[in-house]
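Each remark here refers to the structure printed beneath this line.
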Amino acid sequence: MESKINRYSKQLILINSFFILAWLVVSVFPFIWTFWGSFKVKADFFSRADWMFAVTGVNTLIETGDTSTVKAYVESWTEGEFWKATMNTIIITVSVVTISLFLGTLGAYALSRSTYKYTFWILIAALIFRAMPHITLVSGYLFPFFQLNVWGILPTTIIVLVAINQPFTLWLLYSFFKTVPKELDESALIDGCTYFQAFRFVIMPVMWPGVVTAGLFSMMLAYNDFTVTSLLLNQQNYTMVPKINAYLGTIEHSGNYMWAVSSVVSATAPLFMIIMFFQRQLISGLTAGAVKG
Amino acid sequence: MLMFIGLPIISSFFQSLHIEPEQILMEVEKCDPFGCKTETKVDIEATNKLQEEQPLGRFNGLGTYGDRNHLAFDEIKEAWTNSSSIAEFTDILLNLPFYKALLFTLTFCFAVTPPVVVLGFIVALSVNTITKSLKGPTIFGVILPMIVTPLIGSLVLFWMIDAKGILGSFIQFLFDDPNLSLKSSSQLTWITLIIYGIWHNTPFAFVVFYAALQTVPQDPIEAAIIDGASRYERVRHIVIPHLYPVATFIILICLMDNFRVLEPIIGFAAEGVAQSLSWMIYNDLRSENKMLFGSAGATSMLTIIGVAILLTPVLIRTWREFRTER
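Protein sequence lines correspond, in order, to chains U and A. Reminder that position 83 of the first sequence reads as 83 in this note's numbering, one-by-one numbering, no gaps. Counting the second sequence from 1 gives a position; this note's numbering is that position plus 293.
Structure, rendered in structure tokens:
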């Protein structure tokens, strides 16, 4: 019945669909364009004569004998050592997600069950750190890292990323834990569980959606980070994003621009897959953060 | 029990990691006896004397803050006394690196945020009305610009906007000017960056608004329909008031995120005409021969102050909320 009252007029539906379509084009088209263009040569993707060349691939046909080519991919992965960057990204992402989830769940659980006043201050501190520009933190880390001779290696970067990520994870998980009723762990304790057992066997199963959401956000942060990784890692240990930036910086190789284009696609594709898979958790996580914000 | 394990972990975590930057900055600016001495002592034992003197440079007090690259007191004073009109004074002021960067950062913040909120709201409203089966893919498409890293996102757009790319050619065609390039003038670059910012941030506003729309109570809307309110009136008087708190949240997050704008500037290769505070720090730390820790530190501190000013409203609000909760 409700839907009957709330019916939409014809024009509204029309305007609406048109608007959404337009917006979808605006947000999706750049990616499709880049994906398509990554299979062309540079002369086509940045075609001086006619932008249609990028669609039809005229120069690609001339240079490689086919309308599309995977040359840029092959070269960037082998010659450009993009595989190395990928490996580093995987190492960093997996470690950051694991560590920050481990600390985050324990910490947020404790905070949500605590009745003390300092809970508030810890959460506020977390909020403030969330607002800090990452680069200001990095500029602080950089010097001691040089002094201690731990600059440029993966573990330190992982620690910094975890630290940057932790406030947000904490807030998110905190608001998730708040929704789990206290009676649940109390009854577990009465039944003879230790604190840890109660946490592990009673709370965690209920919390899976929250943990997945927090994990996704940590993953996105670690995967997407540019500021921290580009400043704290040395050339050999670069992850994907600074690597792409490095491709742009070197001019001596003419194929480099296409390397960057193809690496952008290779870096973005897995992210899209994962997000597509976990879309629901992502959105619920954003909401939980927003309501508490 | 877990509380006693968990809390120290977190608090020590924060202390160990986040106070660190300040400590170093103190060393740079004030040479706080605490941090400075311990640092150098380790050096004397561990490395040779040259390095012991090198690491932080000489003691400079608050000098770094006042120099030409930061607050530039002397230059301002000079400009104030020498310039004949306000316009001339502001002109000189905005040519100083720090104020230039500050101007861009603030412009970026305040130009991006309002359109983001409005667009996000409209997109959320329209996505909310489409049929259920189409919702999933649509949402996925809409949030794409948000989930890619800013650097990649800006590169993707940059390649299209390039004079030889599709959008660049299209714009040239539109204005019938084959030499028109968005990179040529500083105003156009700023506009491009701002458009990019809107493109990148709208999905976030959309997602939050969309989620909040699901919580809008149905009863008042039905009552309004019975009372004969039009669709516009319903949105204006029921939905929007319901979304106010969410909107403030979005505005704050947007301001905070845009305040640290850095990647788009690198992605768009716009360092020449548009510098942000973050970019200044980045540049200091990236410089070839020697890293300018002091300069970077001073800019960091100033940035943190900026963030703090932006953040005060939300802190006050959270504090009030927390107190009422008790």
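Glycine included, every Cβ here is placed at the ideal spot set by N, Cα and C.
Using a 10 angstroms sphere on the CB of Trp-492(A), the tally of other CB atoms reaches 16 or more, which defines it as buried. Flagged as an interface residue toward chain U: Gly-434(A), by a C-beta distance shorter than 8 Å. Taking 8 Å as the upper bound for CB-CB distance, Ala-394(A) and Gln-568(A) are in contact here, some 5 Å apart. Among the residues of chain U, those whose CB is under 8 Å from the CB of Glu-556(A) are Phe-226, Thr-227, following chain order. Within the same chain, Phe-31 come within 8 Å of Thr-268(U) by CB-CB distance, once the 5 residues on both sides are set aside. About 7 Å separates the beta carbons of Val-212(U) and Phe-278(U), which is inside the 8 Å limit, making them a contact pair.
Cβ-Cβ distances below 8 Å link Val-420(A) to Lys-428, Thr-431, Ile-432, Val-435, Phe-499, Tyr-503 in the same chain, with the five nearest sequence neighbours on each side left out; the list follows chain order.
The continuous alpha helix (DSSP H) containing Pro-209(U) extends over residues 204 to 224. Linking Gly-104(U) to Met-240(U) through their CA atoms gives a straight-line distance of about 26 Å.
Around the CB of Ala-516(A), fewer than 16 other CB atoms lie within 10 Å, so the residue is classed as exposed.
Taking 8 Å as the threshold, the shortest C-beta distance from Ser-523(A) to chain U does not fall below it. Legend: CB atoms of the segment 257 to 268 of chain U lying less than 8 Å from CB atoms of chain A belong to residues Ala-260, Val-261, Val-264, Ala-267, Thr-268.
Between Trp-259(U) and the set Thr-406(A), Leu-448(A), Phe-463(A), the nearest pair of CA atoms involves Leu-448(A). Comparing alpha carbon positions, the residue from Met-453(A), Thr-605(A), Thr-442(A) closest to Ser-38(U) is Met-453(A). For Ser-114(U), the three-state secondary structure derived from DSSP is coil. Between the C-alpha atoms of Tyr-109(U) and Arg-524(A) there is a straight-line separation of about 44 Å. Between the beta-carbon of Asn-16(U) and that of Ser-100(U) there is about 40 Å, and that puts the pair past the 8 Å contact cut.
The criterion of a C-beta distance shorter than 8 Å is not satisfied by Phe-451(A) and Asn-551(A). Considering only Pro-534(A), Ala-522(A), Gly-490(A), Gln-507(A), the residue with the shortest C-alpha distance to Thr-406(A) is Gly-490(A). Here Gly-560(A) has Leu-444, Ser-447, Leu-448, Phe-451 as same chain residues with Cβ atoms under 6 Å from its own Cβ, once five neighbours each way along the sequence are excluded.
In this structure, Thr-229(U) and Tyr-238(U) form a Cβ contact; the two beta carbons are roughly 7 Å apart against a cut-off of 8 Å. In the displayed model, Pro-430(A) falls within a helix according to three-state DSSP. DSSP, reduced to helix, strand and coil, places Tyr-575(A) within a helical segment of the structure shown. Straight across, the Cα-Cα distance linking Tyr-195(U) with His-134(U) is about 36 Å.
For Cys-547(A), the uninterrupted alpha helix (DSSP H) run begins and ends at 533 to 552, by DSSP. For Pro-242(U), the closest of Thr-98(U), Phe-82(U), Val-25(U), Pro-167(U) by C-alpha to C-alpha distance is Phe-82(U). For Leu-154(U), no chain A residue has a C-beta closer than 9 Å to its own C-beta; the minimum C-beta separation is roughly 17 Å.
Not flagged as an interface residue toward chain U: Ile-531(A), since no C-beta distance is shorter than 8 Å. Taken in chain order, the members of the segment 18 to 33 of chain U whose beta-carbon sits within less than 8 Å of a beta-carbon on chain A are Phe-19, Ile-20, Trp-23, Leu-24, Val-26, Ser-27, Val-28, Pro-30, Phe-31, Trp-33. Residues of the same chain with a CB within less than 7 Å of the CB of Pro-438(A), apart from the 5 flanking positions on each side, are Gly-446, Trp-492, His-493, Pro-496 in chain order. With respect to chain A, the C-beta atom of Ile-203(U) has no partner C-beta closer than 8 Å. With a contact defined as Cβ atoms closer than 8 Å, Ile-440(A) and Ile-90(U) miss out at about 18 Å.
With contacts defined as CB atoms closer than 8 Å, Val-501(A) and Val-532(A) fail to qualify as a contacting pair.
Sequence-ordered contacts of the segment 399 to 424 of chain A with chain U read Leu-412, Ile-415, Val-416, Leu-418, Ser-419, Val-420, Thr-422, Ile-423 [C-beta pairs closer than 9 Å].
Counting only residues of its own chain and dropping the five nearest sequence neighbours on each side, Leu-221(U) has a CB closer than 8 Å to the CB of Val-96, Leu-161, Ile-164, Asn-165, Phe-168.
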